[in-house]
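A.B. asks: In the working numbering, the protein residues as written are 4 to 338.
See below:
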């Protein structure tokens, strides 16, 4: 019949079942005991709500930290990508500039070499037609960096046909200045020029031949300057340049001494003042030419009927050469 006690007991029963807190607490109908358990249950609910609130705050804080970390990472990633892109652009730019510099250097080297060859062509006095032929041949060689060409003297790098044309252009006028060749046919001069003349080149201040040394070649200068002098100071120093000839008396000596047992001695010293290029007719080649082709020279045809020791020697030499060729050829056929 005590209403407050019944009320607090019922309230405690409902709170216990609804809150799921203190379900294991079995109380008596005593009023203050029920009040104590209600307070304990309500305090537990408050603590639980406080825990839930802190947990929510912690989860929000953790989520915000993760978002901030993701943002920082994305920002760092963007900066890193920007740095990488910048470095790539710098590398590409540097590579392009390096490639362009190398290409410009290669182009400058090519132009320099081409000008050097053109200078060589103009210095030795070749025609415009030969210049075009030579430049059309050497241009692919200059473009290929793996191939080397001496731009100061490209004669040896040219094909045989082109070298022959250059020798004919340069040496035919010089060859006609030698007395024994001046009245000969173009065919004979062509043969001598293409077969026997050889290119030579000397460095600055070098000696081509010294006074008292054997004179073993007839030299035609096509480029450069050289000085001739003797040990006797009374003789005047002479300057030889493009188009000049040195060693004229070698031909006279060959004609006067058919045996060619000893070479004549040079009466002058020939020293290069600059780099010198030219063509030479060696004494041995001159000997072979005069021995093998003496009947082609008008000088000897006019005296063919005379009893000349010179002609006898040339005839004997021709027979010996022909016999050697026949013997060698015969042995090869038998083998």
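Just so you know, even glycine gets a beta-carbon here, dropped at the ideal spot from N, CA and C.
Bear in mind that the values here come from a model prediction, so they are computed numbers and not experimental data.
Once you ignore the five residues that flank residue 335 on each side, which residues in its own chain have a CB closer than 7 Å to its CB?
C.D. replies: By one-based count along the chain shown, residue 335 stands at place 332. Unreliable positioning characterises residue 335 in this predicted model, as indicated by a pLDDT of 48, which lies under 50. A coordinate reading is not provided.
A.B. asks: Tell me whether residue 310 sits in a helix, a strand or coil according to DSSP, three-state version.
C.D. replies: For this step, residue 310 is matched to residue 307 along the chain shown. Model confidence at residue 310 stands at a pLDDT of 48, short of 50, so the residue's coordinates are unreliable; what they give is reported in the following sentence. Note: residue 310 maps to coil in three-state DSSP.
A.B. asks: Nearest by alpha-carbon distance to residue 163: which of 44, 201, 184 and 35 is it?
C.D. replies: By 1-based counting over the chain shown, the position of residue 163 is 160. Selected option, being the one with the closest Cα: 201.
A.B. asks: Is residue 144 closer than 8 Å to residue 161 when the C-beta atoms are compared?
C.D. replies: One-based indexing of the chain shown puts residue 161 at position 158. One-based indexing of the chain shown puts residue 144 at position 141. At the C-beta level, residue 161 and residue 144 stay beyond 8 Å of one another.
A.B. asks: Label residue 81 either buried or exposed according to how many other C-beta atoms from any shown protein chain fall within 10 Å of its C-beta, with 16 as the threshold for buried.
C.D. replies: In the chain shown, residue 81 corresponds to position 78, counting from 1. Answer is exposed; the Cβ neighbour count stays below 16.
A.B. asks: Taking the DSSP output, what are the residues bridged to residue 204?
C.D. replies: Taking the first residue of the chain shown as 1, we reach residue 204 at position 201. Paired residues: 280.
A.B. asks: Which word fits residue 86, buried or exposed, when buried means at least 16 other C-beta atoms lie within 10 angstroms of its C-beta?
C.D. replies: For the purposes of this step, residue 86 is taken as the residue at position 83 of the chain shown. By the C-beta density criterion, residue 86 is exposed, having fewer than 16 other C-beta atoms within 10 angstroms.
A.B. asks: Run through the region 120–155 for me and flag every whole alpha helix (DSSP H) of 4 or more residues, listed as ranges in chain order.
C.D. replies: 131–146
A.B. asks: In the structure shown, what three-state DSSP assignment does residue 78 receive?
C.D. replies: Looking up residue 78 in the chain shown gives position 75. In this structure, residue 78 counts as helix in the three-state DSSP scheme.
A.B. asks: Return the first residue and the last residue of the alpha helix (DSSP H) that residue 191 is part of.
C.D. replies: Residue numbering aside, residue 191 sits at position 188 when the chain shown is read from its first letter. Unbroken alpha helix (DSSP H) run through residue 191: 189–199.
A.B. asks: Compute the beta-carbon to beta-carbon distance between residue 275 and residue 206, rounded to the nearest angstrom, for a pair I have assumed lies under 8 Å.
C.D. replies: Here the question's residue 275 lines up with position 272 in the chain shown. Here the question's residue 206 lines up with position 203 in the chain shown. Between residue 206 and residue 275 the Cβ distance is about 7 Å, and since that is below 8 Å, they are a contact.
A.B. asks: Between 175, 199 and 198, which has its C-alpha nearest residue 188's C-alpha?
C.D. replies: Your numbering for residue 188 matches position 185 in the chain shown. Per the Cα distances, 175.
A.B. asks: Report the option in 170, 22 and 51 whose CA atom is closest to the CA atom of residue 195.
C.D. replies: Residue mapping note: residue 195 aligns to position 192 of the chain shown, counting from 1. The shortest C-alpha separation from residue 195 is found at 170.
A.B. asks: Taking just the CA atoms, how far does residue 216 sit from residue 104?
C.D. replies: The sequence position of residue 104 within the chain shown is 101, counting from 1. The sequence position of residue 216 within the chain shown is 213, counting from 1. One C-alpha to the other measures close to 53 Å.
A.B. asks: Please tell me whether residue 340 and residue 222 are closer than 8 Å, where the distance is taken between their beta carbons.
C.D. replies: Absent from the model: residue 340. The displayed extent of the chain is 4 to 338, so no value can be given.
A.B. asks: Give the secondary structure of residue 212 by DSSP, where H, G and I count as helix, E and B as strand, and everything else as coil.
C.D. replies: Counting from one through the chain shown, the residue named residue 212 turns up at place 209. Three-state result, residue 212: strand.
A.B. asks: For residue 19 and residue 7, what's the separation of their Cα atoms in angstroms?
C.D. replies: As a position in the chain shown, residue 19 is number 16, starting the count at 1. As a position in the chain shown, residue 7 is number 4, starting the count at 1. About 18 Å.
A.B. asks: Alpha carbon to alpha carbon, what distance is there between residue 218 and residue 243?
C.D. replies: By 1-based counting over the chain shown, the position of residue 243 is 240. By 1-based counting over the chain shown, the position of residue 218 is 215. Roughly 17 Å between the two C-alpha positions.
A.B. asks: Using C-beta distances below 8 Å, list every residue in its chain close to residue 278, excluding the 5 sequence neighbours before and after it, in chain order.
C.D. replies: If you number the chain shown from 1, residue 278 lands on position 275. Counting only Cβ-Cβ distances below 8 Å, and skipping sequence neighbours, we find 155, 204, 205, 206, 207, 226 and 227.
A.B. asks: What does the alpha-carbon distance come out to for the pair residue 267 and residue 211?
C.D. replies: Translated into positions along the chain shown, residue 267 becomes position 264. Translated into positions along the chain shown, residue 211 becomes position 208. Residue 267 and residue 211: Cα-Cα distance of roughly 15 Å.
A.B. asks: Under a Cβ-count criterion, where at least 16 other Cβ atoms within 10 Å of its own Cβ denotes burial, should residue 11 be classed as buried or exposed?
C.D. replies: Residue 11 sits at position 8 when you count from the first residue of the chain shown. Result: buried.
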